[in-house]
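These notes concern the structure reproduced below.
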Amino acid sequence: MKKHNMAWLFVIGITTAMLFFTACTSPNNAGIEVLPDDDIVKGHFVDSFSVEMSTILVDSVLTERLTRNLFGNYVDEELGWIYAETYIQPRLTGSNLVFGTNPANLELDSIVLRLDLTGFYGRYNDPVPLEILEITQAFPTDAALTSKDQLSVDTYDYANGYNVDFSALPGFLDFIDIRLDDSLGQKLLFADPDSLLNNTTFVSFFKGLCIRSKPVSQITSREPGGIFYMDPTSTDSRLTLHYRDSNAVKSVVFDINLNSERFHHIERTDYSSRLLTQALNESGQPDAVYAVIEAGALIKTFVKIPNLKNLDPVGINKAELILKVDPDLLGSGDRFTPPKQVFLFVANESGTAELAGNSVVSTGDYDANLHQYAIPLTNNLQTILAGRLPDNGFILVPGENGVSMNRAIFAGPGHPLLAPKLR
2 MKKHNMAWLF VIGITTAMLF FTACTSPNNA GIEVLPDDDI VKGHFVDSFS
52 VEMSTILVDS VLTERLTRNL FGNYVDEELG WIYAETYIQP RLTGSNLVFG
102 TNPANLELDS IVLRLDLTGF YGRYNDPVPL EILEITQAFP TDAALTSKDQ
152 LSVDTYDYAN GYNVDFSALP GFLDFIDIRL DDSLGQKLLF ADPDSLLNNT
202 TFVSFFKGLC IRSKPVSQIT SREPGGIFYM DPTSTDSRLT LHYRDSNAVK
252 SVVFDINLNS ERFHHIERTD YSSRLLTQAL NESGQPDAVY AVIEAGALIK
302 TFVKIPNLKN LDPVGINKAE LILKVDPDLL GSGDRFTPPK QVFLFVANES
352 GTAELAGNSV VSTGDYDANL HQYAIPLTNN LQTILAGRLP DNGFILVPGE
402 NGVSMNRAIF AGPGHPLLAP KLR
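Residue numbers 2 to 424, in the numbering used here, belong to the letters of the sequence shown in order.
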């Protein structure tokens, strides 16, 4: 009897070992084949939800005291003529500035405005003619300055015909020196001493400079010009007065720094017959071919998923909004690069702006190889379907919105090849 029991135990042991080792050859396979069908969660991929898109022109955005200011102009064949100008206030580095003991011994050499350039949008090797004008209106202290604001300026141009032009150089330079008209140097060098006591008296006497540009030429290119980014907090952004005092060579720096009042103005013209107008007219339509987003506080995009309530929140394992950028509309030489990142907000009830008090709910990075943004929506859809956020749609805003000009032309739901998808 013991022999039969031992034999059966041997057989059971061998069988158990074989089952153990064959079942555990791959951790990806272990377990599922031994579950009853009713216990298996079966998922499926859905990308059939329609996505509606609208293009919204933005009224303005705060551009006061930012770490980057914009100036220049360029032509975008799809979105129009884009123009930016900067208002900035050089300051005294100390108090009681004295150029010399005897004004009769003072002689001006030059006055130079240096701007620390951190980048550009459009073409940097097309000449952009500058204008440097003196501000005649004090910077307001009772209201924030935005991209639609401007200050009064004098009509006299201190730039002396200066062009931002890197066409003869090996590449983009990180600063430019602009020799300004001597009349500004004379004004500062021979200012009343009371105007040089401190920054309060100085900015009352000299309110600052407006850096703007004349329209670029369209003779050699359909998409000429560029907008340049400058760093107003850099030590390389400054106004320097060079002079002689009894033949001794001297210089005085007027700082442009964090304490300087500053903002930039942005505007668009000449777009009525371009793609932008088509996108505006098609906004919200199921067959809209394009939608647009553009930094510089110019354009944002409204995205609506009409049948969102048909989803089961429990069954959402992953949700992504895929927005394709039409690669044929990046400009010649792909000069109009899309924003590196976009931010998603829940929209207000009218779908025209961000919901009050709402913060960023998701972000998406631009994939230059696939020409698309993949924006995660899993948690947001679950929250909306659970009733903790309204189903108003989303507002899409470009990253670096107030301090760059990057734009993207999205394929809309009516695009034959690149329509947006929720998957």
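Here a beta-carbon is modelled for each residue, glycine too, at the ideal position from N, C-alpha and C.
Task: 7 angstroms CB neighbourhood of Thr17 in its chain, flanking five on each side removed - done: Below a pLDDT of 50, predicted positions are generally treated as unreliable, and Thr17, at 43, falls in that range; the measurement from the model is reported next regardless. Counting only Cβ-Cβ distances below 7 angstroms, and skipping sequence neighbours, we find nothing.
TODO: Would you mind stating whether Val154 and Ile136 have Cβ atoms separated by less than 8 angstroms?
DONE: yes
Open item on the list: Taking the beta strand (DSSP E) that Gly293 belongs to, which residues open and close that run?
Closed with: The residue you asked about is not Gly; residue 293 is Val in the sequence shown. Note, Val293: beta strand (DSSP E), Tyr291 to Glu295.
TODO: Leaving out five residues on either side along the sequence, give the residues of the same chain with a beta carbon under 8 angstroms from the beta carbon of Pro421.
DONE: Val52, Met54, Val304, Leu322, Ile323, Leu324, Lys325, Phe411, Ala412, Gly413 and Pro414
Open item on the list: Looking at the secondary structure, which residues open and close the beta strand (DSSP E) in which Asp183 lies?
Closed with: Taken as a continuous stretch (DSSP letters only), Asp183 belongs to no beta strand (DSSP E), being part of the alpha helix (DSSP H) at Asp183 to Leu190.
Task: Given Val362 as reference, the closest of Thr379, Thr353, Arg424 and Ile257 once Cα atoms are compared - done: Thr379
Task: Selected residue, minimal CA-CA separation from Gly382, among Glu283, Val347 and Thr119 - done: The question names Gly, yet the displayed sequence has Leu at residue 382. Among Glu283, Val347 and Thr119, the Cα nearest to that of Leu382 is on Val347.
- [ ] Kindly examine the ligand SAM and report whether one of its heavy atoms sits closer than 7 angstroms to the Cβ of Val347.
- [x] The model depicted lacks the ligand SAM and carries no ligand whatsoever.
- [ ] Quick one: using the 10 Å Cβ neighbour count with 16 as the cut-off for buried, is Tyr367 buried or exposed?
- [x] buried
Task: Identity of the residue in Tyr291, Ile376 and Asp335 nearest Leu418 by Cα - done: Tyr291
Open item on the list: Going by DSSP in three states, Val165 sits in which element: helix, strand or coil?
Closed with: strand
TODO: Alpha carbon to alpha carbon, how far is Ser284 from Thr278? Give it in angstroms, no decimals.
DONE: 10 angstroms
Task: CA-to-CA distance, Arg424 to Pro377, given in whole angstroms - done: 10 angstroms
- [ ] Specify the secondary structure class of Asn359 as computed by DSSP and reduced to three states.
- [x] coil
Open item on the list: Between the segment 263 to 270 and the segment 69 to 86, can you find at least three pairs of beta-carbon atoms closer than 8 angstroms?
Closed with: yes
Open item on the list: Can you look up Gln151 in the DSSP assignment and give me helix, strand or coil?
Closed with: coil
Open item on the list: My output table needs one value for Ala105: the three-state DSSP class, helix, strand or coil.
Closed with: helix
Open item on the list: Using only CA atoms, which one of Thr338, Glu262 and Pro307 lies nearest to Phe50?
Closed with: Pro307
Task: Where the beta strand (DSSP E) through Val204 begins and ends - done: Taken as a continuous stretch (DSSP letters only), Val204 belongs to no beta strand (DSSP E), being part of the alpha helix (DSSP H) at Asn200 to Phe206.
Open item on the list: With H, G and I counted as helix, E and B as strand and the rest as coil, what does DSSP make of Gly334?
Closed with: helix
TODO: Answer with buried or exposed for Ala357, where buried requires no fewer than 16 other C-beta atoms within 10 angstroms of its C-beta.
DONE: exposed
- [ ] Measure the Cβ-Cβ separation of Gly186 and Leu242 and say whether it is below 8 angstroms.
- [x] yes
- [ ] Determine contact between the segment 117 to 132 and the segment 225 to 244, defined as no fewer than three beta-carbon pairs at a distance below 8 angstroms.
- [x] yes
- [ ] Count the other C-beta atoms from every protein chain shown that fall within 10 angstroms of the C-beta of Asn318, then say buried if there are 16 or more, exposed otherwise.
- [x] exposed
- [ ] Assign Thr1 to one of three DSSP states: helix, strand, or coil.
- [x] Residue 1 is absent from the structure shown; the chain starts at 2 and stops at 424.
Open item on the list: Taking only three categories from DSSP, how would you classify Ala280?
Closed with: helix
Open item on the list: In this structure, how does DSSP classify Lys429 when only helix, strand and coil are distinguished?
Closed with: In the structure as shown, the chain begins at 2 and stops at 424. Residue 429 is therefore absent and cannot be evaluated.
Open item on the list: How far does the alpha helix (DSSP H) with Gln383 in it extend, from its first residue to its last?
Closed with: Thr379 to Leu386
Open item on the list: Among the candidates Phe167, Leu330 and Pro399, whose CA atom is the shortest distance from the CA of Lys341?
Closed with: Pro399
Open item on the list: Going by the DSSP bridge assignment, what does Asn70 pair with across the sheet?
Closed with: Met231
Task: CB contact flag (Leu190, Ile89, <8 angstroms) - done: no
Task: Rounded C-alpha distance that separates Ile57 from Pro141 - done: 29 angstroms
Task: Rounded separation between Leu312 and Asn402 - CA only - done: 33 angstroms
Task: Element boundaries [beta strand (DSSP E), containing His372] - done: Note, His372: premise wrong, no beta strand (DSSP E); not H, not E.
Task: Status (buried if at least 16 other CB within 10 Å, exposed otherwise) for Ile257 - done: buried
Open item on the list: With three or more C-beta pairs closer than 8 angstroms as the rule, is the segment 197 to 210 touching the segment 87 to 106?
Closed with: yes
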